[in-house]
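Asks:
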Amino acid sequence: MLATYSFTIWGLWLISMTVFIQYNVAAIAHRTQRHYVPGIVDDKLSHESFVFRSHRTFLNSHENLLMIFGPALLGMLVGMDAYWLGMLVWVYAIARILHMALYYVTKTANNPSPRSYFYMVGSMANLVLFVMLGLHLTA
18 MLATYSFTIW GLWLISMTVF IQYNVAAIAH RTQRHYVPGI VDDKLSHESF
68 VFRSHRTFLN SHENLLMIFG PALLGMLVGM DAYWLGMLVW VYAIARILHM
118 ALYYVTKTAN NPSPRSYFYM VGSMANLVLF VMLGLHLTA
């Protein structure tokens, strides 16, 4: 199974590593605040603050982890097509990295912002994965 799904597994590793990096960036940014309190981000901060944006980037990715990991792992367990499973995981992984990069540099609360488009690409990859998994399970 590991050899068959190595492309998917590497994609899941990249997603995990991205969230790990986001966690560390947010932790370092958080500690630059004048009135630093562990685990608390000043609720007066908004998109103009890198502390806010790095914190939201990490939380957003953290909130979405189960949505990709669950169906990807289930897909491997039930023998989904390895090529398509891997492609969907990698589209999601790359979309999340681009979402992260744009969230770090875009100081706007306007929607849609440039990051929103990559969030939607990741969400669409996830939706296609759910549909393909459902079709595989009913076949």
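Residue numbers for the sequence shown follow our numbering, so the first one is 18 and each next one is one higher.
Note that beta-carbon positions come from the ideal geometry of N, C-alpha and C, so glycine has one too.
1) In terms of residue numbering, what span does the alpha helix (DSSP H) encompassing THR35 cover?
2) May I ask you to report which of helix, strand or coil DSSP gives VAL58?
3) In this structure, how does DSSP classify ARG51 when only helix, strand and coil are distinguished?
4) Per DSSP, what kind of secondary structure is ALA126 in: helix, strand or coil?
5) How should PRO55 be labelled, buried or exposed, when 16 other C-beta atoms within 10 angstroms of its C-beta is the threshold for buried?
6) May I ask which residues mark the beginning and end of the alpha helix (DSSP H) holding GLY96?
7) Is LEU19 helix, strand or coil by DSSP?
8) Going by Cα to Cα distance, which pick from PHE37, VAL122, LYS124, VAL106 is closest to ILE85?
9) Would you kindly work out how many angstroms separate the C-alpha atoms of MET137 and VAL108, rounded to a whole number?
Replies: Per the coordinate set shown:
1) Counting from one through the sequence shown, the residue named residue 35 turns up at place 18. 23-47 is the extent of the alpha helix (DSSP H) around THR35.
2) Indexing the sequence shown from 1 puts residue 58 at position 41. If DSSP states are grouped into helix, strand and coil, VAL58 belongs with coil.
3) In the sequence shown, counting from the first residue as 1, residue 51 sits at position 34. The answer is coil: DSSP assigns ARG51 none of H, G, I, E or B.
4) Walking along the sequence shown from the start, residue 126 turns up at place 109. Coil, per DSSP.
5) Residue mapping note: residue 55 aligns to position 38 of the sequence shown, counting from 1. Per the 10 Å Cβ criterion, exposed.
6) In the sequence shown, counting from the first residue as 1, residue 96 sits at position 79. Taken as a continuous stretch (DSSP letters only), GLY96 belongs to no alpha helix (DSSP H), as it is neither H nor E.
7) Residue 19 sits at position 2 when you count from the first residue of the sequence shown. It is coil, neither helix nor strand.
8) The residue you call residue 85 lines up with position 68 of the sequence shown. Among PHE37, VAL122, LYS124, VAL106, the Cα nearest to that of ILE85 is on VAL106.
9) Position 120 of the sequence shown, counted from the first residue, corresponds to residue 137. Position 91 of the sequence shown, counted from the first residue, corresponds to residue 108. MET137 and VAL108: Cα-Cα distance of roughly 11 Å.
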